[in-house]
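J.: Sharing a structure here in structure tokens format.
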Amino acid sequence: MPELPEVEIVKQSLEKKIKLKKIQNIIIWNRNLRFKIPIKFEKNVVGKVVKDIKRFSKYLIIHFTDYTLFVIHLGMSGTIHLVEKNNKNLNTNTSFYSSQILPKKHNHIELYFDKVKMIYNDPRRFGFFKFFHNEEELYKFFKNYGPEPFSQLFNLKYVFNFFKNKNKNIKSFLLDQRFVSGIGNIYANEILYLCKIKPTKKAKSLSKENCRKIIYFSKYVLRNSIKKGGSSIKDFRNTLGYKGKFQKEFRVYQRENLDCDMKGCIGIIKKKIISNRSTFFCSVCQK
DNA sequence: AAGAGGCCCTGATAGC
DNA sequence: TGCTATCAGGGCCTCT
Numbered sequence: 041m042p043e044l045p046e047v048e049i050v051k052q053s054l055e056k057k058i059k060l061k062k063i064q065n066i067i068i069w070n071r072n073l074r075f076k077i078p079i080k081f082e083k084n085v086v087g088k089v090v091k092d093i094k095r096f097s098k099y100l101i102i103h104f105t106d107y108t109l110f111v112i113h114l115g116m117s118g119t120i121h122l123v124e125k126n127n128k129n130l131n132t133n134t135s136f137y138s139s140q141i142l143p144k145k146h147n148h149i150e151l152y153f154d155k156v157k158m159i160y161n162d163p164r165r166f167g168f169f170k171f172f173h174n175e176e177e178l179y180k181f182f183k184n185y186g187p188e189p190f191s192q193l194f195n196l197k198y199v200f201n202f203f204k205n206k207n208k209n210i211k212s213f214l215l216d217q218r219f220v221s222g223i224g225n226i227y228a229n230e231i232l233y234l235c236k237i238k239p240t241k242k243a244k245s246l247s248k249e250n251c252r253k254i255i256y257f258s259k260y261v262l263r264n265s266i267k268k269g270g271s272s273i274k275d276f277r278n279t280l281g282y283k284g285k286f287q288k289e290f291r292v293y294q295r296e297n298l299d300c301d302m303k304g305c306i307g308i309i310k311k312k313i314i315s316n317r318s319t320f321f322c323s324v325c326q327k
């Protein structure tokens, strides 16, 4: 599910609600995620104060005041829900701090802050929580990741050089986190559509002008999605449980057999599997 | 080394 | 109603 914009939306609300707060308690209902959560995870985080919340690519990074940190990845179906303790909650039979209540299906982790409970839910378990002792460990973890589209490093020289000699199609490179970090299947489709570049086009055959467009529209699409609160296809919700709105603005994703709405184009959106992922494009205006 | 393909997991939906 | 097959927003691994 969550690509860079969705993770950014989650990050922004976490910033408002848990920054400078102390983790009072943690309940782990199910340790099975992509990496099994070790028993010592609780010991590593309980009692610590959140200094800052950052995001890199599709990863959330929770920094503590003692310079340790942990990373959250939402995988395909992970969501974070924040529940605030207020008078309304106190009046219900389910006690805010009670560990007696049964978890909702697929709730894996609950972090209890003063007056806020943060719940991590993940049906498909492709996400993870991972603790790091310091920034250096974190740096090693991310060392193979390419720049984000917003980074200065994601520039014409970098992109054009990277594509030189690359025989694979452009679509799979937009999904390749070693090339660029944060783009997933939805946005890769949307970006190439706006660039008017066919997803099957070989990377090495892209002109400098093509590369410029890829850089420009990568930023453009992701920024717009963030403005609209991200995209909600099935699972994605912000921390209050509300859907994003960017799915209403998809030009190609999940629009198979519908008319291409590029100005003056008479094409019809097609669907094709490329590198094992559904790919949507207009065969008339994308060349 | 680059590229193709498979796999991790559960749930929703479509087709019979 | 209930079975089976297919597909889903990510990322890693192996094989060639």
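Going by the working numbering, the first sequence opens with residue 41, and the numbers climb by one from there. Where is the CB? At the ideal position from N, CA and C, for every residue including glycine.
Suppose contacts are defined by Cβ-Cβ distances below 7 Å. Is F190 in contact with K267 by that definition?
T.: For the purposes of this step, residue 190 is identified with residue 150 of the first sequence, where counting begins at 1. For the purposes of this step, residue 267 is identified with residue 227 of the first sequence, where counting begins at 1. No, these two residues do not count as a Cβ contact at 7 Å.
J.: Terminal residues of the continuous beta strand (DSSP E) containing R95?
T.: Working through the first sequence from its first residue, we reach residue 95 at position 55. That run of the beta strand (DSSP E) goes 90-96.
J.: So who's on the other strand from I314, going by DSSP bridges?
T.: Taking the first sequence and counting its residues from 1, one reaches residue 314 at position 274. Looking at the DSSP assignment, I314 forms a beta bridge with R317.
J.: Please state whether DSSP places Y260 in a helix, a strand or coil.
T.: Counted from its first residue, the first sequence places residue 260 at position 220. Reduced to three states, the DSSP call for Y260 is helix.
J.: Could you pull out every residue in the same chain whose Cβ sits closer than 8 Å to the Cβ of I255, ignoring the five residues on either side in sequence?
T.: Start at 1 with the first residue of the first sequence, and residue 255 comes out as number 215. So the qualifying residues of the chain are P189, F194, N195, L196, V199.
J.: Exposed or buried, what is P42 when buried is set at 16 or more other beta-carbons lying within 10 Å of its beta-carbon?
T.: Numbered from its first residue, the first sequence carries residue 42 at position 2. P42 is buried by the Cβ-count criterion.
J.: Would you mind sorting D154 into buried or exposed? The rule is 16 or more other CB atoms within 10 Å of its CB.
T.: In the first sequence, counting from the first residue as 1, residue 154 sits at position 114. With fewer than 16 Cβ atoms within 10 Å of its Cβ, D154 is classed as exposed.
J.: Once you ignore the five residues that flank D162 on each side, which residues in its own chain have a CB closer than 8 Å to its CB?
T.: For the purposes of this step, residue 162 is taken as residue 122 along the first sequence, with counting starting at 1. So the qualifying residues of the chain are L73, L114, G115, S117, G118, T119, H146, H148.
J.: Quick check on the burial criterion: 16 or more other C-beta atoms within 10 angstroms. Buried or exposed for L246?
T.: By one-based count along the first sequence, residue 246 stands at place 206. Buried, since its Cβ has 16 or more Cβ neighbours within 10 Å.
J.: Mark L280 as exposed unless 16 or more other C-beta atoms lie within 10 angstroms of its C-beta, in which case mark it buried.
T.: The residue you call residue 280 lines up with position 240 of the first sequence. Exposed is the call here.
J.: Pull up the distance between the alpha-carbon of L60 and that of F104, whole angstroms please.
T.: Against the first sequence, residue 60 aligns to sequence position 20. Against the first sequence, residue 104 aligns to sequence position 64. Each residue's alpha carbon lies about 9 Å from the other.
J.: Tell me where the alpha helix (DSSP H) around Y152 begins and ends.
T.: By 1-based counting over the first sequence, the position of residue 152 is 112. Segment 147-153 is the beta strand (DSSP E) holding Y152; no alpha helix (DSSP H) there.
J.: From K57 to T240, what does the alpha carbon distance come to, in whole angstroms?
T.: Within the first sequence, numbered from 1, the residue matching residue 57 stands at position 17. Within the first sequence, numbered from 1, the residue matching residue 240 stands at position 200. When rounded, the distance between both Cα atoms is 43 Å.
J.: Can you name the start and end residues of the alpha helix (DSSP H) that I49 belongs to?
T.: As a working mapping, residue 49 is identified with position 9 in the first sequence. Segment 44-58, the alpha helix (DSSP H) holding I49.
J.: Apart from the five residues on each side of it in sequence, which residues of its chain come closer than 6 Å, Cβ to Cβ, to L298?
T.: Within the first sequence, residue 298 is the residue found at index 258, counting from 1. Excluding residues within five positions, the ones whose Cβ falls inside 6 Å are I309.
J.: Within 8 Å, do at least three Cβ pairs link the region 205-212 to the region 170-183?
T.: No, because fewer than three Cβ pairs between the region 170-183 and the region 205-212 fall closer than 8 Å, the two stretches do not touch.
J.: Tell me the residue span of the beta strand (DSSP E) that contains I68.
T.: Within the first sequence, numbered from 1, the residue matching residue 68 stands at position 28. It spans 63-68 - the beta strand (DSSP E) in which I68 sits, taken as one unbroken run.
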